[in-house]
Amino acid sequence: MRLKTSLLKEPKHILCHRKNHGTSTHKDLVSCVGWTTADELFSCSDDHQIMRWNPVTSETARVLKLPDDVYPLDLHWFPRGIGGKKQSQAESFVLTSSDGKFHLISKLGRVEKSVEAHYGAVLAGRWNYEGTALVTVGEDGQVKIWSKSGMLRSTLAQQGTPVYSVSWAPDSDKVLYTSGQQLIIKPLQPNAKVLQWKAHDGLILKTDWNSVNDLILSAGEDCRYKVWDSFGRVLYNSQPHEYPITAIAWALDGELFAVGSFNTLRLCDKTGWSYALEKPNTGSIFAISWSIDGTQLAGACGNGQVIFAHVVEQHWEWQNFQITLIKRRTMKVHNVINDAVDLLEFRDRVIKASLNYGYLVVSTSLQCYVFSTRNWNTPLIFDLKEGTVSLILQAERHFLLVDGGGLYLYSYEGRLISSPKYPGMRTDILNALTVSLSNDTLAVKDRADEKVIYIFEALSGKPLGDGKPLTHKTEIVEIALDQKGLTSERKIAFIDKNRDLFITSVKRFGKEQKIVKIGTMVQSLAWNDSCNILCGIQDSRFTVWYYPNTVYVDKDLLPKTLYEKDASEFSKSPQIVSFVGNQVTIRRADGSLVHLHISPYPAILHGHVSSSRWQDGLRLCRFVKDQTLWACLAAMAVANKDMSTAEIAYAAIGEIEKVQYINSIKELPSKESRLAHMLLFSGNCQEAETLLLQAGLVYQAIQININLYNWERALELAVKHRTHVDTVLAYRQKFLEDFGKKETNQRFLQYAEGVSV
1 MRLKTSLLKE PKHILCHRKN HGTSTHKDLV SCVGWTTADE LFSCSDDHQI MRWNPVTSET
61 ARVLKLPDDV YPLDLHWFPR GIGGKKQSQA ESFVLTSSDG KFHLISKLGR VEKSVEAHYG
121 AVLAGRWNYE GTALVTVGED GQVKIWSKSG MLRSTLAQQG TPVYSVSWAP DSDKVLYTSG
181 QQLIIKPLQP NAKVLQWKAH DGLILKTDWN SVNDLILSAG EDCRYKVWDS FGRVLYNSQP
241 HEYPITAIAW ALDGELFAVG SFNTLRLCDK TGWSYALEKP NTGSIFAISW SIDGTQLAGA
301 CGNGQVIFAH VVEQHWEWQN FQITLIKRRT MKVHNVINDA VDLLEFRDRV IKASLNYGYL
361 VVSTSLQCYV FSTRNWNTPL IFDLKEGTVS LILQAERHFL LVDGGGLYLY SYEGRLISSP
421 KYPGMRTDIL NALTVSLSND TLAVKDRADE KVIYIFEALS GKPLGDGKPL THKTEIVEIA
481 LDQKGLTSER KIAFIDKNRD LFITSVKRFG KEQKIVKIGT MVQSLAWNDS CNILCGIQDS
541 RFTVWYYPNT VYVDKDLLPK TLYEKDASEF SKSPQIVSFV GNQVTIRRAD GSLVHLHISP
601 YPAILHGHVS SSRWQDGLRL CRFVKDQTLW ACLAAMAVAN KDMSTAEIAY AAIGEIEKVQ
661 YINSIKELPS KESRLAHMLL FSGNCQEAET LLLQAGLVYQ AIQININLYN WERALELAVK
721 HRTHVDTVLA YRQKFLEDFG KKETNQRFLQ YAEGVSV
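Here UniProt numbering is used: the first residue of the sequence shown is 1, the next is one more, and so on.
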């Protein structure tokens, strides 16, 4: 990925003075820039002018000339598309200036209001995400919150040093601001805990806080830029540059950020490593603003120019195809097997693309294109409602588009399947970690309550099952649905804030589904695209769960179904990019890609089992002679109630007591009791009991409770069905005698009087 930069030929922020000795031009630095739409930019300069630019047609126009004593310092457009009212573009902006005021200015250049805000210059001003409040900071060390109309609400903080930069938290409930070399996060609630830490060895000049990934950027005079999480832990610390870092800004979707310095413009990944470095002739870049669709950025330059940069050369890979965006409206498809190259031309510029499951889905500013990898010549094209698509997710049968207006599920034929909704939906903050799609299910992690996952039926867009969302006891960080198998067995894996990995079934029929923990300290996870194998990076190990469903079948068997490999070669905090076939692609912290191959046999075994070819499964295990594979087969056989295969597989891994239990199950007379004992084998006592009672086998239901020492339940069943009370009491008495104890349970004493044993 790289930046394609363009500077218009002559600087536009120029003043001409006619003097006695002819003409001289002097240029003045541009201090701030901001996009209204994807094709219109406003800039302000020390020559007191506000200009409007169109990078497509290269036209510029003067919007407003400010008074001579007003030097603009920061500009921020009022957020568009708040609530249901979607404006197609921003209508007004706040401009902070050196005379201690901020000005609310309309798009047409009318100053609606000027407000006395600080002593000395107002160094920065930012609207919150809802557009309900404005924060300003100044040289007087004050942080002030204002209403939408410019009335002072509160002074949030006061300090002895100027505050150079300010950012809102994603939920607009906290404010991040600078104090010399310190960063401070202060909640708007009074008496709430303030977080403060030393971030740089020099003055901090710029900050930015992204609403999608919740990460913080800071840039300082110590010539470094850093990435932090919202708890103030450093995730990336750059090498020192030659000059102070004067500008830094997140792209809206939180995948990229840009860094500006003297004659320097850098494009970086959210984890900190650098994609591209440009050395334009700009002087210092004082401010960077990303366009709404995230395809281009603009920089305010010290030499009076505005630099435009387009992000090009993104790569997408799947199996034998490599696709590159070579120009804003052109993609190159390279088939590495036969070296065939196709060029795909688009009418408008490409905003997002995704390549998976044999399809390439591309969204431009107005349309969506669906290409099949078998035929690049005839894409399917349909128009988009909203325009700026922020996320494309693919499953085998359909794909999901997320834009500012909602979630839309389309088939690969271009038919709108459904548009799921949930209360308090904010689509602008969803990303690939918080949304997951499979052939029949869509899962979305909520932002209002981080412990909740909403689960929808893909085809109808309605909440699944009883409509209640899945709730966990701590906040959830990342979610992923498995891709294959039956709908009734769909599983969701998720990582919570403590980095524990859990798995649970999506379908919950009234009964409370067990959420089972299967891993700790998990950094990243991915399901395989062709069978239900899960891989993840745990602590310092790369782990593959060949059959995660084992936890519901035979929990003790899970460690035997894992593959583990030392992950120290991936350096710290690697991320799994994809898991296709038996190849896992991992991105290291320095941006390099590592490809890992895992054994192909578990996937083949999954294939045999899903089509009930148990003999082939056994043959495969005998051929490979691998304990892990036998353990997977044992769990799969129990899950599918194939007892003879399970017996062979358990024998192969030396679990003799389970083999004996399976043998005893096979000798049971009725089908119901065999089924019930298999449920017991998997630890589902409640279901086993229910099954026996439904079949009218009351004595067996009582007996399994006695065997498990569930005395209360055994007695309750006996009394309820008016049978075998004496048997329960006899077993209880024998149990107490064996342990030399006296009966203390009131209910047993009460029934013992009425029944002579």
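In this text, a Cβ means the ideal position worked out from N, Cα and C, and glycines have one as well.
Check whether the Cβ atoms of residue i and residue j sit closer than 8 angstroms, and answer yes or no.
i           : j    : result
V553        : A635 : yes
Y408        : H398 : no
E278        : T5   : yes
S43         : W53  : yes
T487        : D440 : yes
C535        : T543 : yes
K101        : S114 : yes
V122        : V143 : no
A287        : L297 : no
D99         : D69  : yes
T628        : T550 : no
L95         : L75  : yes
L459        : I417 : yes
T282        : I245 : no
S274        : C268 : yes
residue 766 : T373 : Because the chain spans 1 through 757 in this model, residue 766 falls outside it and cannot be assessed.
Among the options, whose alpha-carbon lies nearest the alpha-carbon of residue i?
i    : options                : result
L596 : I50, Q575, R613, V725  : Q575
Y359 : W316, A340, H76, H310  : W316
G120 : Y164, L104, Y275, D449 : Y164
L717 : I702, T727, K625, Y731 : I702
A124 : R110, H103, T132       : H103
Q733 : A752, R722, A157, W146 : A752
D449 : S436, E667, R426       : R426
D140 : W127, H118, N128       : H118
S230 : L267, P240, K174       : K174
S568 : I586, Q660, A199       : I586
E130 : T136, Y177, S147       : S147
L464 : T471, H472, E489, Y454 : Y454
I50  : P79, V56, S97          : S97
Y563 : D626, A443, I417       : D626
Give me whichever residues DSSP pairs with residue i in a beta bridge.
i           : result
K734        : Paired residue(s): none; K734 is not in a bridge.
S106        : S92
I50         : C44, L64
A353        : V362
residue 760 : There is no way to answer for residue 760, as the model of the chain reaches only from 1 to 757.
Q142        : Q158
M331        : L325, L344
S179        : Q182
K174        : P187
Since residue i is in the alpha helix (DSSP H), which residue starts that stretch and which ends it?
i    : result
D616 : 614–624
W711 : 711–720
A635 : 627–639
G220 : Run containing G220: none in the alpha helix (DSSP H); it sits in the beta strand (DSSP E), 216–220.
A649 : 643–652
N128 : It is not in any alpha helix (DSSP H) - N128 carries neither H nor E in the DSSP assignment.
P602 : 601–610
Y751 : 746–754
S673 : 671–681
S664 : 656–666
I704 : 698–707
C685 : 685–694
What span of residues does the beta strand (DSSP E) with residue i cover, start to end?
i    : result
E564 : 562–566
F456 : 452–457
L8   : First-last for L8: undefined, no H or E at that position.
L558 : First-last for L558: undefined, no H or E at that position.
N191 : Neither: N191 is in no beta strand (DSSP E) and is coded neither H nor E.
Q296 : 296–301
Y408 : 406–411
Original post:
Taking one C-beta from the region 475–482 and one from the region 526–541 each time, how about it: are there three or more such pairs within less than 8 angstroms?
Top reply: yes
Original post:
Would you call the region 203–217 and the region 231–250 in contact, with 3 or more CB pairs under 8 angstroms?
Top reply: Touching, per the Cβ criterion.
Original post:
Are the region 708–724 and the region 589–606 touching, with three or more C-beta to C-beta distances below 8 angstroms?
Top reply: At 8 angstroms Cβ cutoff, the stretches do not touch.
Original post:
Do three or more CB pairs link the region 616–635 to the region 599–607 at distances below 8 angstroms?
Top reply: yes
**OP:** Determine contact between the region 299–309 and the region 317–327, defined as no fewer than three beta-carbon pairs at a distance below 8 angstroms.
**Re:** no
**OP:** Could you say if the region 665–672 and the region 683–702 meet the contact criterion of at least three C-beta pairs nearer than 8 angstroms?
**Re:** yes
Original post:
Counting pairs of Cβ atoms below 8 angstroms between the region 367–381 and the region 330–350, do you hit three or more?
Top reply: yes
Original post:
Any chance the region 576–585 sits against the region 645–661, with 3 or more Cβ pairs inside 8 angstroms?
Top reply: Segment contact: the region 576–585 against the region 645–661, fewer than three CB-CB distances shorter than 8 angstroms; contact not assigned.
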